Structure formats: C-alpha cells, structure tokens
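Asker: Residue numbers (numbering that gives the first Met the number 0): 0 to 287. We treat Cβ as the ideally placed atom computed from N, Cα and C, and that holds for glycine. The structure displayed is predicted, hence computed values, not measured ones.
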Amino acid sequence: MHSKTRDRVFNWWELEQRDFPWRRTRDPWAILVSEFMLQQTQAQRVVSKYEMFLHRYPDVHACSQSTLGEVIELWSGLGYNRRAKNLHTTAQLVVDRYGGAIPDSLMELRSLPGIGEYTARAVLSFAFDMNVAVVDVNVRRVLCRQAGEYLSNEECQNIADENLPLNDGWRWNQAMIELGATICTSRKVNCDTCPLQKTCAWSKNLQAKDPSFNPKGASKKPQPFQGSDRQGRGRLVEKLRERNVISNEVGKIMGWPDDLTRCEKVLKGLIDEGLVAEKNKGEFSLPK
Numbered sequence: 000m001h002s003k004t005r006d007r008v009f010n011w012w013e014l015e016q017r018d019f020p021w022r023r024t025r026d027p028w029a030i031l032v033s034e035f036m037l038q039q040t041q042a043q044r045v046v047s048k049y050e051m052f053l054h055r056y057p058d059v060h061a062c063s064q065s066t067l068g069e070v071i072e073l074w075s076g077l078g079y080n081r082r083a084k085n086l087h088t089t090a091q092l093v094v095d096r097y098g099g100a101i102p103d104s105l106m107e108l109r110s111l112p113g114i115g116e117y118t119a120r121a122v123l124s125f126a127f128d129m130n131v132a133v134v135d136v137n138v139r140r141v142l143c144r145q146a147g148e149y150l151s152n153e154e155c156q157n158i159a160d161e162n163l164p165l166n167d168g169w170r171w172n173q174a175m176i177e178l179g180a181t182i183c184t185s186r187k188v189n190c191d192t193c194p195l196q197k198t199c200a201w202s203k204n205l206q207a208k209d210p211s212f213n214p215k216g217a218s219k220k221p222q223p224f225q226g227s228d229r230q231g232r233g234r235l236v237e238k239l240r241e242r243n244v245i246s247n248e249v250g251k252i253m254g255w256p257d258d259l260t261r262c263e264k265v266l267k268g269l270i271d272e273g274l275v276a277e278k279n280k281g282e283f284s285l286p287k
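1) In the region 127-174, which residue ranges form an unbroken alpha helix (DSSP H) of at least 4 residues, counting only runs that do not cross its ends?
2) Roughly how many angstroms lie between the CA atoms of residue 218 and residue 64, to the nearest whole one?
3) Just the C-alpha distance for residue 114 and residue 173, rounded to the nearest angstrom, thanks.
4) Here's a check: name, in chain order, each residue in its chain whose Cβ is nearer than 8 Å to the Cβ of residue 155, leaving out the five neighbours to either side.
5) Which one of 53, 18, 15 has the shortest CA to CA distance from residue 33?
6) Between residue 126 and residue 234, is the Cβ-Cβ spacing less than 7 Å?
7) Could you tell me which whole alpha helix (DSSP H) segments of length 4 or greater appear in the region 63-98?
8) Is residue 240 closer than 7 Å to residue 75 when the C-beta atoms are compared?
9) So is residue 87 buried or exposed if we call it buried at 16+ other beta carbons inside 10 Å?
10) Going by other Cβ atoms of all chains shown within 10 Å of its Cβ, with 16 needed for buried, is residue 119 buried or exposed?
11) Note down the Cα distance separating residue 232 from residue 251, rounded to an integer number of angstroms.
12) Under 6 Å Cβ to Cβ from residue 193, same chain only, skipping five residues before and after it: list those, please.
13) Can you give me the Cβ contacts of residue 42 inside the same chain, cut-off strictly under 8 Å, excluding the 5 residues immediately before and after it?
14) Mind the definition here: the region 222-231 touches the region 194-203 only if three or more C-beta pairs lie below 8 Å; say whether that holds.
15) Using the beta-carbon count (16 or more within 10 Å), is residue 253 buried or exposed?
16) Looking at the secondary structure, which residues open and close the alpha helix (DSSP H) in which residue 283 lies?
17) For residue 80, count neighbouring Cβ atoms within 10 angstroms of its own Cβ and tell me buried if that reaches 16, exposed if not.
18) From residue 111 to residue 95, what distance separates their C-alpha atoms?
19) How many angstroms separate the CA atom of residue 197 from the CA atom of residue 85?
20) Going by other Cβ atoms of all chains shown within 10 Å of its Cβ, with 16 needed for buried, is residue 148 buried or exposed?
21) So what does DSSP say about residue 252, is it helix, strand or coil?
22) Tell me, please, which residues DSSP counts as bridged to residue 276.
23) Closer than 6 Å by C-beta to residue 128: which residues in its own chain qualify, once you throw out the five before and the five after it? Chain order, please.
24) Which residue from 249, 271, 4 puts its Cα closest to that of residue 261?
25) If we call anything under 7 Å between Cβ atoms a contact, is residue 287 one with residue 89?
26) Measuring straight from C-alpha to C-alpha, what distance separates residue 247 and residue 255?
27) Please state the DSSP three-state secondary structure of residue 114.
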C-alpha cells in the first residue's frame, strides 16, 4: 500500500475515531477482557460491562480466584455465555502456567480457550504494541471490497501483513477496524467519506455483488434468534443469575413448556458445557 494511502487512513482515524476505554490502556488483562467481550457483541454494548467487569476483577488473579458462576453472573447482557467460561478458564491457566502474566507469543495465546487467530493477534498488537496485523470481520470486509473479490482467510492475512506500516501497527489496526465498523459496514457503505475510496475496486461498481460475501455460503440462511435453542439457553442462564431453578420450571423459563424433549436436550448441553450445575436432583444453579 502506498504511503499516501496510509496517510489518508491515519488522517481519517485521527478525526473520526470513537472513544472506547480499551483504546486508552495497554494493560494486557484489560485488553484480553475487551477482546473476549467484543468477539460477538457490538462495541457500544460492551462499554458498561467492560468497566463493571474490570472493577470487580481488576487483574487476572482476581478473576481466577472467583467462581465460574460469579463470572457468568457478571456477564449478564452480553450473551454467548460460553465466552465467560472460556475467559474464566483462561484466567486460571494464565495464573497456573505463567504466574499471572498474559503471554506475549502467538502460540501461547492460541493455546488458551476462546482465543483464536484474531484475538491472539489483537492482544499482541493492542496490549504489547507488537507490529502484527489483525484481521477481524470488519477488516476482512474492507480488504475484500478493496480487492473486488472474495478472499480466503489466508489471503486476507497476507494482504493485511503487507499493508501494515512499520512500527505503527497499533494505530493502523485500530483504524482499519474502525473503518469497517463505521464506514464500510455490512449493511451500508459511505464511500464518499472513505479514505480508501480511490483504491477500492467495489466502490467503482456498487451494483455488482458484494465481494465480501462468501459465495459458498450464500445459500445458507442464518437461524433467527427468536425461538432458537440459543434463546432458550440464554433465558435459563438469565433466570439462574437470579435464583436456582427446579426441573418442572425449565420448560416455561426456556419458552417451550410443551416441548420437554427439546428442553431436556438444551439443558443437558448447558450442563455438559459446564455453564449449569445440578445442585440436587432436579435443582439447577450456576456452577460454583
């Protein structure tokens, strides 16, 4: 990428960046918490939960010494409670393996539960200022539209690596994520204000099919949340944040009082994943 193009991105970023608390810290634990929360939740929804979580667990030791149930209670409102379990387990492993120091290598980070390629690279860049390129769904969208064709994960990472400016990875990664999250979004594009418009293949022909959509997955329809197993799981966990639940309440709480087979299956899944515990026979609680 030409230096003038990078300068346009940086100039845009300096003017348009949103202020988030995780952009004002380099604390590895705080960055790790933010990345777990941001995996499947919009940034604006994360802010208050992030600050509340760090107030309760200011460091990895505090989280590791807590019970999983307490962490899940604090995760209320974020959804995908498996992330809370992964973060709690990761905190315990970091204390056991590394004495409480968040690892600063890609391989060690990837060995921890809930940490994939993007999250590991994000921690290296945003916490340790390492010059590594990060590719989340927002960056991937920008890169595919720039190229005018759908790119594989490997192709996106290679291009991101090539575009990364020397010794300015933190700012560049933040700018590219921000660009995809606010200008080059999945539902709407604002090409007139995009600093990459001049080099974007798709902006020259917006009537063409969006190259960021995977052609192989085009026929798959996303499952609606309403009435889904995920909704039932969430309802039960939310109720368990308030109190224990007995077996004959589960169907009503999940929203399927006439489908006990489905309720039992979903409940078993939660128990198997360690997100729900059977305190006594027929009585359920969050794990201790």
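Answerer: Short version:
1) 136-146, 152-162
2) With a pLDDT of 46 at residue 218, under the threshold of 50, the modelled position of that residue is not reliable, and the figure given next carries that caveat. Those two C-alpha atoms are separated by around 46 Å.
3) 19 Å
4) 134, 138, 139, 142, 143
5) 53
6) no
7) 67-73, 81-97
8) yes
9) buried
10) buried
11) 12 Å
12) 182
13) 17, 19, 180
14) no
15) buried
16) First-last for residue 283: 282-284, but that is the beta strand (DSSP E), not the alpha helix (DSSP H).
17) buried
18) 12 Å
19) 42 Å
20) exposed
21) helix
22) 284
23) 169
24) 249
25) no
26) 12 Å
27) coil
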